[in-house]
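To start, the structure under review is shown below, and the notes come after it.
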Amino acid sequence: MDISRQLKIASTTGKLLFGQRQAIDACAKGDAKCIVLAANCPQEYIDNLAAKHPEVTIHRTLIVNRDLGVASGKPFSVSAITVIDAGDSDLLTLNSNLE
59 MDISRQLKIA STTGKLLFGQ RQAIDACAKG DAKCIVLAAN CPQEYIDNLA
109 AKHPEVTIHR TLIVNRDLGV ASGKPFSVSA ITVIDAGDSD LLTLNSNLE
């Protein structure tokens with residue numbers, strides 16, 4: 059799956075949240091369906107998120123935060139993207155790939 063393409067589709071047809079704090083807030087509210095993380099997202103943050111919210115699919119990409127921001131159409135670095143509504147994209151078919 060081309061995650062960059064799917065992120066662009068989801069950003070125009072669905073609802074995404076950008077940033078680590080928004081991911082934590084969305085998980086706490088129960089709104090998060092999937093979280094896409096940058097390759098260089100801090101491991102401590104990932105471990106904390108996975109421990110507190112095991113029901114949410116967390117997918118770590120091979121894309122670094124600078125390129126993940128560009129892939130999602132944002133002019134800034136993004137280390138965490140929370141999928142609230144995937145729209146026409148296939149992001150919700152991603153599997154959790156954390157060890």
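Taking the working numbering, I'd label the letters of the sequence shown as residues 59 to 157.
For glycine and all other residues, C-beta sits at the position ideal for the given N, C-alpha and C.
- Contact check for Lys-73 against Ile-139 fails: the beta carbons are separated by 8 Å or more.
- Take Gln-101, set aside five residues on each side of it, and no residue of its chain has a beta-carbon closer than 8 Å to its own.
- Relative to Gln-80, the option among Val-136, Thr-151, Arg-124 whose CA is nearest is Val-136.
- Between His-117 and Val-94, the gap from beta carbon to beta carbon is short of 8 Å.
- The Cβ atoms of Ile-67 and Asp-146 sit closer than 8 Å to each other.
- Residue pairing of Ala-138 in beta bridges, as defined by DSSP: Leu-95.
- Boundaries of the beta strand (DSSP E) harbouring Ile-116: 115-118, taken from the DSSP string.
- Straight-line spacing of the CA atoms in Leu-75 and Leu-150 works out to 15 Å.
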